[in-house]
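With this note's numbering, letter number 284 in the sequence shown gets 326, and the count goes up by one each step, no holes.
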Amino acid sequence: MSWIESIYPLLKSDFVEEPMAEIVLKEIWERKMTCLKASMLPFLLCLLVSFSWIIPAHPREDFLKCLSLHFEDSAAMSNVVHTPNNSSYGSILQFSIRNLRFNSSELKPLVIVTPTNASHIQAAILCSQRHNLQIRIRSGGHDFEGLSYMAAVPFVLIDLISLRAVNVDATNRTAWVQAGATLGELYYSISEKSRTLAFPAGSCPTIGVGGHFSGGGHGTMVRKFGLASDNVIDAHLIDSKGRILDRASMGEDLFWAIRGGGGQSFGVVVAWKISLVEVPSTVTMFSVSRTLEQNATKLLHRWQYVANTLPEDIVIDVLVTRVNSSQEGNTTIQATFFSLFLGEVDQLLPVMQGSFPELGLVKDDCFEMSWIESVFYTGGFTSNASLDVLLNRTPRSIPRFKAKSDYVKEPLPEIAFEGIWERFFEEDIEVPALILIPYGGKMDEISDVSWSEESKEASRRHVAWIRRLYSYLTTYVSNNPREAYVNYRDLDLGINNLTGTTSYKQASIWGRKYFKNNFERLVRVKTEVDPTNFFRNEQSIPSLSSW
Numbered sequence: 043m044s045w046i047e048s049i050y051p052l053l054k055s056d057f058v059e060e061p062m063a064e065i066v067l068k069e070i071w072e073r074k075m076t077c078l079k080a081s082m083l084p085f086l087l088c089l090l091v092s093f094s095w096i097i098p099a100h101p102r103e104d105f106l107k108c109l110s111l112h113f114e115d116s117a118a119m120s121n122v123v124h125t126p127n128n129s130s131y132g133s134i135l136q137f138s139i140r141n142l143r144f145n146s147s148e149l150k151p152l153v154i155v156t157p158t159n160a161s162h163i164q165a166a167i168l169c170s171q172r173h174n175l176q177i178r179i180r181s182g183g184h185d186f187e188g189l190s191y192m193a194a195v196p197f198v199l200i201d202l203i204s205l206r207a208v209n210v211d212a213t214n215r216t217a218w219v220q221a222g223a224t225l226g227e228l229y230y231s232i233s234e235k236s237r238t239l240a241f242p243a244g245s246c247p248t249i250g251v252g253g254h255f256s257g258g259g260h261g262t263m264v265r266k267f268g269l270a271s272d273n274v275i276d277a278h279l280i281d282s283k284g285r286i287l288d289r290a291s292m293g294e295d296l297f298w299a300i301r302g303g304g305g306q307s308f309g310v311v312v313a314w315k316i317s318l319v320e321v322p323s324t325v326t327m328f329s330v331s332r333t334l335e336q337n338a339t340k341l342l343h344r345w346q347y348v349a350n351t352l353p354e355d356i357v358i359d360v361l362v363t364r365v366n367s368s369q370e371g372n373t374t375i376q377a378t379f380f381s382l383f384l385g386e387v388d389q390l391l392p393v394m395q396g397s398f399p400e401l402g403l404v405k406d407d408c409f410e411m412s413w414i415e416s417v418f419y420t421g422g423f424t425s426n427a428s429l430d431v432l433l434n435r436t437p438r439s440i441p442r443f444k445a446k447s448d449y450v451k452e453p454l455p456e457i458a459f460e461g462i463w464e465r466f467f468e469e470d471i472e473v474p475a476l477i478l479i480p481y482g483g484k485m486d487e488i489s490d491v492s493w494s495e496e497s498k499e500a501s502r503r504h505v506a507w508i509r510r511l512y513s514y515l516t517t518y519v520s521n522n523p524r525e526a527y528v529n530y531r532d533l534d535l536g537i538n539n540l541t542g543t544t545s546y547k548q549a550s551i552w553g554r555k556y557f558k559n560n561f562e563r564l565v566r567v568k569t570e571v572d573p574t575n576f577f578r579n580e581q582s583i584p585s586l587s588s589w
């Protein structure tokens with residue numbers, strides 16, 4: 043076999059179509075004599091130069107040509123494929139951006155694909171690989187760092203907005219929900235079938251289930267039923283080979299990985315099968331606010347000792363913000379204690395009076411309602427709003443923000459809170475906020491800051507502020523590693539290389555903060571199912587075999 047015959051199979055791989063292979067062979071043959079006169083090393087270098095020649099000069103056009111070969115007809119393609127030349131491109135891209143920090147980003151996709159069935163996703167994966175493009179996968183667009191719709195390298199956006207069907211089986215207490223559906227759409231569908239079935243997930247109705255479930259997903263019933271991912275019992279995933287896998291065919295390791303390890307590292311999750319939970323016909327909610335002048339600091343300090351020891355039917359989250367004081371021209375700190383109790387008010391009050399009397403909760407602070415009405419309450423809707431508002435994918439407001447998360451293993455002393463308040467009072471910071479969420483034996487703390495000013499200086503100032511707050515809290519939070527919650531993505535923790543490979547050691551810098559010792563297992567699964575590291579982003583699980 044001649045040398046040119048030996049490389050022909052390589053050129054006819056999935057990455058080079060046969061007509062292109064023929065052209066490249068002719069180009070290499072014309073350079074053959076020059077290369078062969080040299081030693082072995084220059085020959086290899088010459089061959090590499092020849093291969094580099096085949097990298098497409100027009101990746102968008104080549105990608106679209108490839109797609110056209112895999113779509114059933116041109117009309118179907120025109121409905122789901124959008125380029126900057128289409129009037130639909132801008133509106134689709136902007137529709138699911140949930141952080142105004144990235145609203146004017148120039149890191150835009152070459153092409154947006156809004157698939158209506160699995161074959162469209164399979165085609166996008168195949169053609170992206172063939173033409174050396176990365177992909178991003180967007181469900182609801184709430185990625186805190188915009189990784190579901192931005193990239194610094196040429197990429198294709200697979201926007202799952204058209205895959206949002208929800209099928210509820212009330213008899214068996216299960217549901218299949220497509221990854222493009224929002225939590226609001228899921229809750230709406232459940233409530234249509236039952237008033238005593240629910241699902242333990244987040245409070246924001248516009249969050250997409252695709253990213254929420256794959257990153258864990260906690261909400262107001264987390265202490266009773268665990269994370270959303272704990273209640274996922276099957277899934278349909280399209281891997282880097284274009285195969286559609288369910289739980290049985292993907293295996294338990296991969297099924298484990300996509301429920302908390304970030305599904306976007308392993309493939310495109312098209313749908314989830316979830317187990318619904320039973321809730322009482324009546325639940326109780328309360329929202330009680332206290333300012334510094336009303337002993338908010340001492341109440342927060344005491345709350346830390348109470349919240350994670352209460353019965354699992356009750357969760358009390360806390361939102362801390364800066365508000366105007368009753369004294370004209372001054373501001374103060376306000377802590378709002380926000381609770382869902384799976385039961386009636388007469389059952390709740392004795393628990394609160396025995397465990398947290400300092401809050402001073404009374405019956406007038408409490409509201410009895412159904413579980414689906416509690417979704418309205420936590421979402422900030424009025425009690426007389428139509429259930430249809432849950433189907434609205436557009437938030438009532440879209441902030442410009444930067445957020446960070448921590449896990450607190452030991453109660454913060456009062457002096458630590460006082461240090462936080464000092465930073466909250468800085469005049470050039472618009473809307474600082476701190477959210478405290480109790481788990482069983484530990485607490486999740488999310489600090490964020492939002493602002494309305496659009497300038498780069500305002501963005502720089504607010505991001506610098508929250509980084510200083512994060513640094514201040516170092517003494518009081520988890521360490522070795524300093525843990526974080528992957529659904530509150532934070533690129534400050536570390537990133538992968540944008541091109542080339544990323545070592546296990548480098549990825550461990552951020553990976554162990556999100557996943558602790560599970561990071562090693564996630565890397566092993568990734569190496570097995572996506573050895574070429576096709577599904578990647580700034581904080582995706584790396585593949586060992588891609589190094």
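Every residue, glycine too, gets a C-beta built ideally from N, C-alpha and C.
In terms of alpha-carbon separation, which member of the options lies closest to residue i?
i: residue 339; options: 320, 361 and 322; result: 361
i: residue 469; options: 217, 366 and 456; result: 366
i: residue 354; options: 328, 466 and 384; result: 384
i: residue 389; options: 377, 196, 410 and 369; result: 410
i: residue 378; options: 424, 328 and 392; result: 328
i: residue 382; options: 416, 369 and 404; result: 416
i: residue 314; options: 336, 323 and 288; result: 288
i: residue 324; options: 412, 113, 502 and 184; result: 412
i: residue 538; options: 292, 193 and 235; result: 193
i: residue 552; options: 566, 434 and 526; result: 526
i: residue 568; options: 298, 129, 112 and 131; result: 298
i: residue 399; options: 376, 349 and 159; result: 349
i: residue 195; options: 182, 509, 170 and 183; result: 170
i: residue 321; options: 232, 197, 449 and 467; result: 232
i: residue 561; options: 336, 334 and 295; result: 295
i: residue 317; options: 240, 252, 263 and 351; result: 240
i: residue 487; options: 511, 507, 364 and 368; result: 511
i: residue 405; options: 392, 397 and 414; result: 392
i: residue 520; options: 448, 495, 554 and 556; result: 448
i: residue 134; options: 436, 235 and 368; result: 436
Please report the Cβ distance between residue i and residue j, rounded to the nearest whole angstrom; I am assuming they are in contact, meaning their Cβ atoms lie under 8 Å.
i: residue 330; j: residue 407; result: 5 Å
i: residue 162; j: residue 101; result: Contact flag wrong, Cβ pair sits at about 19 Å.
i: residue 580; j: residue 535; result: Contact doesn't hold; Cβ gap of about 10 Å is too wide.
i: residue 573; j: residue 546; result: Their Cβ separation, rounded to whole angstroms, is 14 Å, which puts residue 573 and residue 546 out of contact at 8 Å.
i: residue 191; j: residue 199; result: 6 Å
i: residue 186; j: residue 530; result: 6 Å
i: residue 208; j: residue 228; result: 6 Å
i: residue 105; j: residue 175; result: 6 Å
i: residue 205; j: residue 222; result: 4 Å
i: residue 160; j: residue 280; result: 6 Å
i: residue 167; j: residue 177; result: 7 Å
Please return the same chain residues whose Cβ sits closer than 8 Å to the Cβ of residue i, not counting the five positions on each side in sequence.
i: residue 427; result: 418
i: residue 650; result: Residue 650 falls outside the range modelled here, since the chain spans only 43 to 589, and no answer is possible.
i: residue 86; result: Interpretation of residue 86 is limited by its pLDDT of 35, a score under 50 that renders its predicted location unreliable; no figure is taken from the coordinates.
i: residue 514; result: 461, 462 and 465
i: residue 293; result: none
i: residue 90; result: Only weak support exists for where residue 90 lies, its pLDDT of 36 falling under 50; the value from the coordinates is given anyway. Cβ within range, chain order: n/a, list empty.
i: residue 79; result: Any reading at residue 79 is ruled out, since the residue's pLDDT is 36, under 50, leaving its predicted position unreliable.
Using a Cβ-Cβ cut-off of 6 Å (strictly less than) and excluding sequence neighbours within five positions of residue i, which residues of its own chain qualify?
i: residue 473; result: 492
i: residue 454; result: 518
i: residue 570; result: none
i: residue 265; result: 354 and 357
i: residue 332; result: 338, 341 and 377
i: residue 220; result: 205, 206, 207 and 313
i: residue 456; result: 339 and 343
i: residue 582; result: 307
Give every residue of the same chain whose Cβ lies closer than 7 Å to the Cβ of residue i, excluding the five residues on either side of it in the sequence, and list them in chain order.
i: residue 577; result: 282, 306, 307, 308 and 309
i: residue 211; result: 217
i: residue 471; result: 491, 504 and 507
i: residue 375; result: 333, 334, 338, 362, 364, 463 and 466
i: residue 440; result: 140 and 142
Every unbroken alpha helix (DSSP H) inside the region 259-302 [4 residues or more]: 264-267, 289-292 and 294-299
Three or more C-beta pairs below 8 Å linking the region 237-255 and the region 336-347: no
Given 8 Å, three or more beta-carbon pairs between the region 122-132 and the region 270-286: no
Alpha helix (DSSP H) runs contained entirely in the region 495-578, provided each spans 4 or more residues: 498-514, 546-557 and 560-571
4-residue-minimum alpha helix (DSSP H) runs that sit fully inside the region 398-486, ordered along the chain: 413-421 and 456-466
Continuous alpha helix (DSSP H) assignments of at least 4 residues falling wholly in the region 303-365: 338-348
Completely contained alpha helix (DSSP H) runs for the region 160-240, where each covers 4 or more residues: 160-172 and 225-235
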